[in-house]
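In full-length UniProt numbering, the protein residues as written are 1 to 1116.
Don't be surprised by glycine CBs; every beta carbon is placed ideally from N, CA and C.
Here's the structure, in structure tokens; my notes come after.
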Amino acid sequence: MGCWNVTSMTIFSNITEIGMNAFSSCYALENVDFSKADKLEKIGGGAFGYCDKLAEIHLEYAKNLKIIDEAAFYNNGIEKVFLPDGVETIGKNALKRKDGQKTYVYGRTGSTAEEYCKNENAELFSDVCVFRDYEGVYLVHPNYWEEYYKTGEGNYQVELEWPVSTDNSGVEWKSSDESIATVDSKGVVTRKKKGTVTITAVRGEFSDSVVVKILKESFSSKDGVWKYRKLTDSTIAICGYMGEGTKKVTIPSEIDGYTVTRLQQFYDANWEDVRILVLPETLEMIDSDVLASFNYSYDIIIPKKNNISYVGENAFGYHDVYGPENFIFRNYVMGFYREDNKLYLDGINGNNATTVQVKHMPSTLDENVEIKWDSTDTDGKMCTVTASSYYENAVEVTRNSDLISGTVTVSATVGEYTDSYDVVFDQKTYTSEKGHTYRVIDENEKKAELVHYSGSYERVNRIPETVDGYTIVKISDNAISSDETSHAWIIPDSVTEISDDMFGGGYKNTDEVLIGSAGSAADRYVKRHSDTKRFCTPDQMILEKGNVSIVKLVGSEWDYSMEQLSILYAPDSVDTTNVEWLSSNDEIASVSTYGAVTAQKQGSAVITAKCGELTADCIVTVSYKAEGFYYTELSDGTLEITGCYDQNESEEIQIPEAINGQKVTVIGENAFPRLSQDVTIPSTVTTIKKNAFEAYNWYHLQITIPESVKTIEENAVLVDDKVYHTVYKFYGLKGSVAEKYAEKYTDIIEFIEDKVVIAGDALYKVENEEYNVQGMLSVGEKSELSVSHLPMNVDKTKDKITWKVSDSKNISIEYSEDSFEDAMTVKVKGLKKTDIPVTLTCTVGTQSVTIPFEIYDNTVYKNGEYIYTENNDGTINITGYTGEDANLSIPDKIEGKTVVSLQGFADNDDIQSVTIPRTVTEIQYYAFKNCVNLANVTFETSSQLKNIGKYAFEASGLKNITIPNSVSEIGAQAFGNCSRLENVTLSKKLKGIEYEVFYKCVSLKSITIPENVTYIAEEAFCESGLTTIIIPKNVESIGYYAFRNSEQLKKVVIKNKAVYIGKAAFMYCAIESLTLEGTDNQITGNRYAFSNNKKLVSSSYRCEMKDYSVHTIAGQ
């Protein structure tokens, strides 16, 4: 219907059906009143599709509604739908958002509404349609990027989303710990002390919970401008700004007699008019995200004398920051970081003038100081400089004549500071009567440059020799708009210069012909671009195409493997109606009397057109295609795959063993460019040529390689320029060529043995002789597992998938045997705590995989200040801590049970040091994240610690840590953003340095990598403060960006000549000394591994790249 301006409508009781697309694309529609639609029975497909402002649909009044057809409310706005009980049919996408955001569907348990949500979610493997029962209770949850609500106020309101009731009738509220906070009958939380509490709303059999973190109590300053929290008896943290938004806000060093040492939150900030924020000299800490959450743009000033020793992740957001030259946290700035003691100008280009503005002046200067402006155009012939009437501290620079071109330097001086900005005036262009755009080069000699050709694009086009009395002597960049049709361009001899980008960057994708005199500018241009352009003189003839590839569809009676050739240009004196067509080899490609070329068999032939004495040639190359693949026939009768077509992008590419009875034995060069699908190679293939596969963008690809493959050429798999991480998974047999090839390229390839692989959230990796994954479920927990990889010898048409458990009392399974695809997914549920692991076995044909599962009791216990769960073996996992100890010594036992795992100390501002007992074997992910005052961690003697989880100490205040030698694994980002970290001693058993483990550790000047380490993963030390690094002899690979932007890194020693160095691993460092021990001064790696090391001047070191070229490391 497309009723553009309708914002609301009412469906009355006389309406029984709303037809297909009835109100589709009513973009302004915000409300539809169904309260009178008591006779409505059906809503047709797309009826309210693309009504993107329609957020809530109240169909519960339409008591007779039975059918909601496919895509009825499919739009980008729908958030909540309330359905009546009698709905019988809901079509696909009927209540779903186009953008993939969630829709909440209200109905009754067991109704069509609930079934619809299950079906939509199962198809997309995502909870896009969330079912809610009318009898349930649902709370307003934090935004997806937040873990919990935070409050430092006396009271905090937890909001109900459903039921919508002012008195919360029928809802019971509970607090998990009333010593921290209580909650009343209306959901109002009253703080008692600092800590974390779970608030639960209960309504009948339904409940919902949110986590509320109770912070230290906040206070308002006496002047009413600031909110703060007391850190000590003399120091405070700023947590809010309540003043009026002024141009410049300066945070004071002292408020109400307390020293400001920390920026913690600014949730009340009013920044709409603020342009400059000045931080105090007393500031020591800036918390994560504290200045990043505002939409407004302002500059941040760091004082020259400052005490800042901790900066959290994303603390400054994308604001520009000005401060001292030696500020060690400059890498934490995602905008520009500039020195404060300088003047900076910036330019704003307009239609007729350029505005030059003072972007920043040193903060030590008075705001009203005089600015002196000057320009290199001292006599005012080129331009006029006047004060800007719109921008503050700015001038407008306007040229005095359209004929003027050149550069004027505008400068500003403020006291002892000065800066300049170049204003560039391009020469004015003109439009001729025929629409051509040109620029005058020489007024006296009447010479001009063609800027844009505006004629109609015919098969043959003529560049004008003159326009408006000026002779065209040059053709500029982008003068001709390139398209997919071949054109001939007659270039007059008056043109002496043609820009390389004449065709607007499209010259590599088109087949234009330039016609001109021998030795002319046109001739010279084609010689520079002979790969894409052709040339002929005015007295010659040329065909529309110089090279043609024809793919013959084999094995089909509908083969239209033909190409029509025609003459593109011939002299006017030549009769092109009488053409003789000839083929050099009719068995490969034949040609008809009217120039139609038919492919016969694989090979090349020359097709010649003859008109009198003139001839023109076209080279025709014939190849084959069939069954979705392009291929060529080899000398032994087998086939080489050269590409594919008509492949479903959502499905795996299965290369066939044979095409039309001929075996496939080779995967050719460039066969699968820009690949975004998994590939299975058949057991007939023996060779994979270079550049055969190229991963596109961020896709993770699986390539299954059979044992028959004996040769994989160098660079057989590539990544495009947007990819810097491991993107390929090679599935193959142990000891195969595939495994050996993967070992050479560990930065982009992971090798996995070709067997049944199961994936799911309930599984985690372990090291065991019998299995490499283990499952874990709590009692009552449900999880979904699926077969993520099938071995090559599985036949989906014959083999079956079965799932079995060793003890159905502890774990239940549910799966469908209706089809092979259905059986690839199983739902598991923990029923009863296990004393010994139960096993889940998946059998696919003759192969099977067994996964041990542990079912644990997820009951949470509390003992004093510790919250914990109990493992099946009677040991303890600490999952939370509510105390306020500064120097924390974690007990080795709680109620006589051994503590083995730690988690739940994150965001604790009180902890300054922690002692971890010897009994602890694992520090879980996020365990001490954002503990900004935690400076030291001590492990008891004879520590049994084995694993430090992901993000365990991220963004904490750690200064020193010695990791026990029992530790073999440190998870990704475990110490990332620890900006105070100065000293680290790593475990001698450590196997590798994982992703971003020491990312942005700007205070870390040196570290000793243990001899046992075999790899340094991507971004491991990126943007760190390292000055020296020694890579031990056992390190086999250094991942992309591993040390990138470590701007103080001057000395690098590499002891393994076989190490592979990934893309940009040492880019933007300050390397002056590079030592390659035990090598012939040549290492293997990515060509950009050492880019932008300006001080690395020695050219004796070379880096051999995967494309066989050799580059000197210096000067990359």
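ask   = Should the stretch 181 to 201 be regarded as contacting the stretch 98 to 115, the criterion being three or more beta carbon pairs within less than 8 Å?
value = no
query = Under 9 Å between the Cβ atoms of residue 1119 and Ile-641?
reply = The requested residue 1119 is not part of the displayed model; the chain covers only 1 to 1116.
Three-pair Cβ contact test at 8 Å for the stretch 883 to 894 versus the stretch 261 to 280 = no
message = Let's see if you can read the secondary structure: which residues bound the beta strand (DSSP E) around Glu-784?
response = In the DSSP assignment, Glu-784 falls within the beta strand (DSSP E) that extends over 782 to 789.
ask   = Alpha carbon to alpha carbon, how far is Val-424 from Ser-1091?
value = 32 Å
C-alpha gap between Pro-571 and Asp-539, whole angstroms = 6 Å
request  = Flag this pair as touching only if the stretch 194 to 213 and the stretch 231 to 238 have three or more C-beta atom pairs under 8 Å; answer yes or no.
outcome  = no
task = With a threshold of 16 other CB atoms inside 10 Å of the CB of Val-87, please say whether the residue is buried or exposed.
result = buried
message = From the DSSP secondary-structure annotation, give me the bridge partner or partners of Arg-459.
response = For Arg-459, which the question treats as bridged, DSSP gives no partner whatsoever.
request  = Decide if the stretch 1052 to 1061 is in contact with the stretch 1020 to 1038; the criterion is three or more beta carbon pairs, one per stretch, under 8 Å apart.
outcome  = Verdict: yes, contact present.
Endpoints, beta strand (DSSP E) assigned at Ala-589 = 589 to 591
request  = Using DSSP bridges, identify the partner residues of Tyr-861.
outcome  = Tyr-868
inquiry  = Quick check on this structure: which residue in Glu-652, Met-541, Asp-754, Tyr-631 has the alpha carbon closest to the alpha carbon of Gly-643?
reply    = Of the candidates Glu-652, Met-541, Asp-754, Tyr-631, the one whose C-alpha sits nearest the C-alpha of Gly-643 is Tyr-631.
request  = Give me the Cα-Cα distance between Leu-553 and Arg-534, rounded to the nearest whole angstrom.
outcome  = If you take the alpha carbons of Leu-553 and Arg-534, they lie about 30 Å apart.
message = So Leu-831 and Lys-809 are supposed to be a Cβ contact under 8 Å. How far apart are they, rounded?
response = 6 Å
message = Would you call the stretch 650 to 658 in contact with the stretch 608 to 618, where contact means no fewer than 3 C-beta pairs closer than 8 Å?
response = No, the stretch 650 to 658 is not in contact with the stretch 608 to 618.
Residues that DSSP places opposite Asn-119 in a beta bridge = Partner(s): none; Asn-119 has no beta bridge.
query = Taking only runs of the beta strand (DSSP E) that begin and end inside the stretch 283 to 319, which ones reach a length of at least 3 residues, in chain order?
reply = 299 to 301
inquiry  = Can you check whether the C-beta of Glu-982 is within less than 9 Å of a C-beta belonging to chain B?
reply    = In the structure shown, chain B does not exist; there is a single protein chain.
inquiry  = I need the DSSP call for Asp-501, collapsed to helix, strand or coil.
reply    = coil
ask   = Run through DSSP, which three-state label would Tyr-525 get?
value = For Tyr-525, the secondary structure class from DSSP, reduced to helix, strand or coil, is helix.
key: C-alpha gap between Lys-508 and Ser-499, whole angstroms   = Unreliable placement is indicated for Lys-508, whose pLDDT of 44 sits below 50; the coordinate value is still reported in the next sentence. Their backbone Cα atoms lie some 14 Å apart in a straight line.
ask   = Who are the near neighbours of Tyr-344 in its chain, counting only those whose CB is closer than 7 Å to its CB and skipping five residues on each side?
value = Arg-338, Lys-359, His-360, Asp-419
task = Please report the Cβ distance between Asp-33 and Thr-10, rounded to the nearest whole angstrom; I am assuming they are in contact, meaning their Cβ atoms lie under 8 Å.
result = Going by Cβ atoms, the distance from Asp-33 to Thr-10 rounds to 4 Å, so yes, they are a contact pair.
Cβ neighbour criterion (16 or more within 10 Å) applied to Ser-1099 = The predicted model places Ser-1099 with a pLDDT of 41, which falls under 50 and marks its position as unreliable; any figure quoted below should be read in that light. Answer is exposed; the Cβ neighbour count stays below 16.
message = By alpha-carbon positions, which one of Ser-573, Thr-882, Asn-863, Glu-854 ends up nearest to Asp-873?
response = Glu-854
Delimiting residues of the alpha helix (DSSP H) encompassing Lys-744 = 737 to 744
query = Nearest-angstrom Cα distance between Tyr-1088 and Phe-998?
reply = 22 Å
query = Where do the ends of the beta strand (DSSP E) carrying Ala-28 lie?
reply = Neither: Ala-28 is in no beta strand (DSSP E) and is coded neither H nor E.
request  = Report the residue ranges of all beta strand (DSSP E) runs contained in full by the stretch 677 to 717; include only those spanning at least 3 residues, in chain order.
outcome  = 693 to 695, 701 to 704
request  = Just the C-alpha distance for Ala-886 and Leu-902, rounded to the nearest angstrom, thanks.
outcome  = 18 Å
query = If we count the other Cβ atoms within 10 Å of its Cβ and call it buried at 16 or more, is Asn-660 buried or exposed?
reply = Its Cβ having fewer than 16 others within 10 Å, Asn-660 is exposed.
message = If the criterion is Cβ atoms closer than 9 Å, does the pair Val-805 and Tyr-815 meet it?
response = For the pair Val-805 and Tyr-815, the CB atoms are not nearer than the 9 Å cut-off.
ask   = Roughly how many whole angstroms lie between the Cα atoms of residue 1126 and Lys-53?
value = No answer is possible for residue 1126: it lies beyond the span of the chain, which begins at 1 and ends at 1116.
query = By Cβ distance below 8 Å, which residues in the same chain neighbour Tyr-724 in space, the five residues on each side in sequence not counted?
reply = Only weak support is given to the placement of Tyr-724: the predicted model assigns it a pLDDT of 44, under 50, and the value that follows is read from those uncertain coordinates. Glu-1018, Tyr-1040, Tyr-1041, Gly-1062, Lys-1063, Ala-1064.
DSSP state of residue 1127 mapped onto helix, strand, coil = Beyond the ends of the chain as shown, which are 1 and 1116, falls residue 1127; an answer cannot be given.
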